[in-house]
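By the count of our numbering, the first sequence reaches residue 421 at its end, each step adding exactly one.
We put the beta carbon where it would ideally sit given N, CA and C, even for glycine.
Since the model is a prediction, treat every value here as computed from it, not as a measurement.
To keep things clear, I will list the structure first and then write my remarks on it.
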Amino acid sequence: MIQNVKGTKDLLPEAIAKWQYIQSTLQKISEQYNYEEIRTPIFEKTELFSRSIGEVTDIVNKEMYSFLDKGEESISLRPELTASIARAVMQHSLLRQNPILRFWYFGPFFRYEQPQKGRQRQFHQYGAECIGSRYPESDAEIIALAVNIFNSLGIKDFKLAINSLGNTESRANYRETLIEFLKENENKLSKESQIRLQTNPLRVLDSKAEADIEILNQAPNILNFLDTESRNHFEELLAILDYQGIKYEISSKLVRGLDYYSHTVFEFQSHALGAQNAMGGGGRYDKLFLELGGEETPAVGLALGIERIILIMEEKGLFPNLEKKLDLYIVSLDHSNQKYLISIAEKLRQNGMAVATDLLRRSLKSQMREANKMKANYLIVIGDDEIKTNLLTIKDMRNGEQTQYSLNSIEEFFKKQQ
RNA sequence: GCGGGUAUAGCUCAGAUGGUAGAGCACCAGAUUGUGGCUCUGGUUGUCGCGGGUUCGAUCCCCGUUGCUCGCCCCA
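Dropping the structure here:
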């Protein structure tokens, strides 16, 4: 039997109810913050991602689904959306019409990795991007948006880790000092970290190897290298968060994997997840537009992992009762009445009711069982008596009460119910 | 790319020192041929992941392989 591709999942109807619940919350909160939905293509030219995310990052190096199309052009399934949004903003000159843009998105993303808990090859992200402001108010808005989403979903048990990488200059200064420090301790570092020392030294800070952590405790702190501008930005942001009562933890070793971040970086972490404890994260990317060949444009963004949020919500029992109820099930005693039954079902659907009927010519008992299983509120019975008298028997499935009505008065009856 | 665990009915799982398999749930039908839920009765479903080896005989032992899963790396 042909099976789904490794790292992908089918979303069966039971799961869909949860997804719709989450999506409607995401849309509602996004709109409250005046963010507008944006949808860009599932695939882009590979170059867009390699230039933005960074050539040496794992995402670009080994995790992208890339292929040559029939025009011999290298195409990649999107591993994230920030680059696509930047591309769309530049391509349509959106900033000429509006100095500030607020977008949100929801959709599938693709990375070729070994699947494990909370990590798939096709996964889904919600994200928000605030483009055009260099001020910390925009960082704070993005963070508050995320906090509000978690609140609305009932997720309370999480940690907001926050750090500043500073601007290009202070980041470069720190990088040099860090390399010097790491080289002194190179032989004590893990193999992974020794490699990263060459390719992307800042990310050595992220290492989870115990030996590395001990060494890193002695490492220079990035926050001591922020210049005045960078420090002001960070402190102003923290002051806004304090004022809003948003709790955070400054973690000077938080360095996110994408190259384009500068100044603020942050991550939402939860213990409910396994090893993949980040349920969302983001940061400021003031240099991204420049890297992509556009004008320098300050921006800050955020992404949440939907599968991880669902894992947390399932574990904590945060989903409300999402059971769907059916308005009405129509049963017939004799299959020769099918045409009549169908015409009544159609009529009531046109009045806005959700109506189901039996398609297997089953016994009355079986039809009733199915109506019960579908949680139908009402049942209409059609038999010879009903046809003779031109009345319909309607039963309230919740209390078992049964009455007879003409078709017209049934329509009236259901109008009142709605 | 690397390491651990695991694979038996649609689902969750039992099983025997090797003699070709069960339970619960689900599903279907029935319990006064015009009435569901609770209860009761009956019923359907498996190449015991796949390939090879040992054996009179393998779902069980051995080897290989694949899927799933958890972890490393990295990320959401």
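Inset, instruction - Give the single residue among Asn280, Glu270 and Ile62 whose Cα lies nearest to the Cα of Arg287. - result: Shortest Cα-Cα distance from Arg287 to any of Asn280, Glu270 and Ile62 involves Glu270.
Legend entry - Check whether Ala149 and Gly283 have beta carbons under 8 Å apart: Their beta carbons are under 8 Å apart, which means Ala149 touches Gly283 by this criterion.
Legend entry - Close beta carbons around Lys191, own chain, < 8 Å, minus the five adjacent residues each side: Result list for Lys191: Ala214 and Ile218, in chain order.
Inset, instruction - Between the Cα of Tyr38 and those of Glu132, Phe46, Leu240 and Phe52, spot the shortest distance and give me the residue it belongs to. - result: When only C-alpha atoms are compared, the closest one is Glu132.
Legend entry - Extent of the continuous alpha helix (DSSP H) run through Met371: From DSSP, the alpha helix (DSSP H) with Met371 extends over Leu367 to Lys376.
Inset, instruction - Using the Cα positions of Tyr68 and Gly10, report the straight-line distance between them to the nearest angstrom. - result: Whole-angstrom Cα-Cα distance: 13 Å.
Inset, instruction - Entirely within the region 172-240 and at least 4 residues each: give me those alpha helix (DSSP H) ranges in chain order. - result: DSSP runs (the alpha helix (DSSP H)) wholly in the region 172-240: 194-202 and 213-219.
Legend entry - Pairwise C-alpha distance: Gly57 and Leu185: Distance between the alpha carbons of Leu185 and Gly57: 22 Å.
Inset, instruction - Could you tell me if Tyr177 is buried or exposed, where buried requires 16 or more neighbouring beta carbons within 10 angstroms of its beta carbon? - result: In summary, Tyr177 is buried, with 16 or more beta-carbon neighbours lying within 10 Å of its beta-carbon over all protein chains present.
Inset, instruction - Report the three-state DSSP secondary structure of Tyr332 (helix, strand or coil). - result: Here Tyr332 sits in strand by DSSP.
Inset, instruction - Output the distance between the C-alpha atoms of Ser339 and Glu415, rounded to the nearest integer angstrom. - result: CA-to-CA, the gap between Ser339 and Glu415 works out to about 27 Å.
Legend entry - Beta-carbon proximity of Ile45 to Arg81, cut-off 8 Å: Yes. Within cutoff.
Legend entry - N-terminal and C-terminal residue of the alpha helix (DSSP H) that Thr60 is part of: Note, Thr60: premise wrong, no alpha helix (DSSP H); not H, not E.
Legend entry - Gly296 burial status per 10 Å Cβ neighbour count (16 or more: buried): With fewer than 16 other Cβ atoms within 10 Å, it is exposed.
Inset, instruction - Report yes if the C-beta distance between Tyr381 and Ala359 is below 8 Å; otherwise report no. - result: Their beta carbons are not under 8 Å apart, which means Tyr381 does not touch Ala359 by this criterion.
Legend entry - Whole-angstrom C-beta distance between Leu163 and Lys250, which should lie under 8 Å: Between Lys250 and Leu163, the beta carbon gap of about 7 Å places them in contact (Cβ cut-off 8 Å).
Legend entry - Simplified DSSP assignment, three categories, for Ser96: Three-state result, Ser96: coil.
Inset, instruction - Compare the beta carbon distance of Ile397 and Leu344 with 8 Å and say whether it is the shorter of the two. - result: Judged by their CB atoms, Ile397 and Leu344 are not nearer to each other than the 8 Å cut-off.
Legend entry - Closest by C-alpha distance to Ile243, when choosing among Leu200, Phe52, Trp107 and Tyr138: Of Leu200, Phe52, Trp107 and Tyr138, the residue nearest in Cα terms is Tyr138.
Inset, instruction - Determine the direct distance from the alpha carbon of Tyr246 to that of Arg206, and round the result to whole angstroms. - result: Answer to the nearest angstrom: the Cα atoms are 31 Å apart.
Inset, instruction - Would you tell me roughly how many angstroms separate the C-alpha atoms of Thr60 and Glu232, rounded to the nearest one? - result: Thr60 and Glu232 have their C-alpha atoms spaced approximately 28 Å apart.
Inset, instruction - Please work out which residues of its chain come closer than 6 Å, Cβ to Cβ, to Asn36, disregarding the five sequence neighbours upstream and downstream, and give them in chain order. - result: Note that residue 36 is Tyr in the sequence shown, not Asn. Once the five neighbours on either side are set aside, the close Cβ partners of Tyr36 are Leu148.
Inset, instruction - Within 10 angstroms of the Cβ of Ile253, are there 16 or more other Cβ atoms? Answer buried if so, exposed if not. - result: An exposed status is given to Ile253, since fewer than 16 other beta-carbon atoms sit within 10 Å of its beta-carbon.
Inset, instruction - Determine the burial state of Phe106: buried for a count of at least 16 other Cβ atoms within 10 Å of its Cβ, exposed for fewer. - result: With 16 or more other CB atoms across the displayed protein chains lying within 10 angstroms of its CB, Phe106 is buried.
Inset, instruction - Use the C-beta contact count for Gln370: other C-beta atoms within 10 angstroms, 16 or more gives buried, fewer gives exposed. - result: So Gln370 counts as buried.
Legend entry - Among Glu299, Leu336, Ile225 and Ile32, nearest to Ile134 - alpha-carbon criterion: The option with the nearest alpha carbon to Ile134 is Glu299.
Inset, instruction - With a cut-off of 8 Å on the beta carbons, I'd call Tyr108 and Ile216 a contact; round off their distance for me. - result: Their Cβ separation, rounded to whole angstroms, is 35 Å, which puts Tyr108 and Ile216 out of contact at 8 Å.
Inset, instruction - For the region 116-172, list the beta strand (DSSP E) runs that are entirely contained and at least 3 residues long, ordered along the chain. - result: List check, beta strand (DSSP E) in window: 125-134 and 162-167.
Inset, instruction - With Met316 as the anchor, note down where its alpha helix (DSSP H) starts and where it stops. - result: Taken as a continuous stretch (DSSP letters only), the alpha helix (DSSP H) holding Met316 covers Ile309 to Lys319.
Inset, instruction - Please list, in chain order, all residues of the same chain as Thr49 whose beta carbon is under 8 Å from its beta carbon, the five residues on each side excluded. - result: Contacts found: Met67, Ser69, Ser77, Ile78 and Ser79.
Legend entry - Which of helix, strand or coil DSSP assigns to Pro16: If DSSP states are grouped into helix, strand and coil, Pro16 belongs with the helices.
Inset, instruction - Can you have a look at Asp388 and say buried or exposed, based on whether 16 or more other CB atoms are within 10 angstroms of its CB? - result: Counting of Cβ neighbours within 10 angstroms places Asp388 among the exposed residues, the total staying below 16.
Inset, instruction - Could you spell out the range, first to last residue, of the beta strand (DSSP E) harbouring Ile385? - result: For Ile385, the enclosing beta strand (DSSP E) starts and ends at Ala379 to Ile385.
Inset, instruction - May I ask which residues mark the beginning and end of the alpha helix (DSSP H) holding Leu410? - result: Looking at the DSSP string, the run of the alpha helix (DSSP H) that includes Leu410 is Leu410 to Gln420.
Inset, instruction - Return the chain-ordered list of same chain residues with a C-beta closer than 6 Å to the C-beta of Met93, the five sequence neighbours on each side being excluded. - result: Only Gly297 meet the Cβ criterion.
Inset, instruction - Please confirm whether Ser196 and Thr267 have their CB atoms less than 8 Å apart. - result: For Ser196 and Thr267, no; Cβs fall outside 8 Å.
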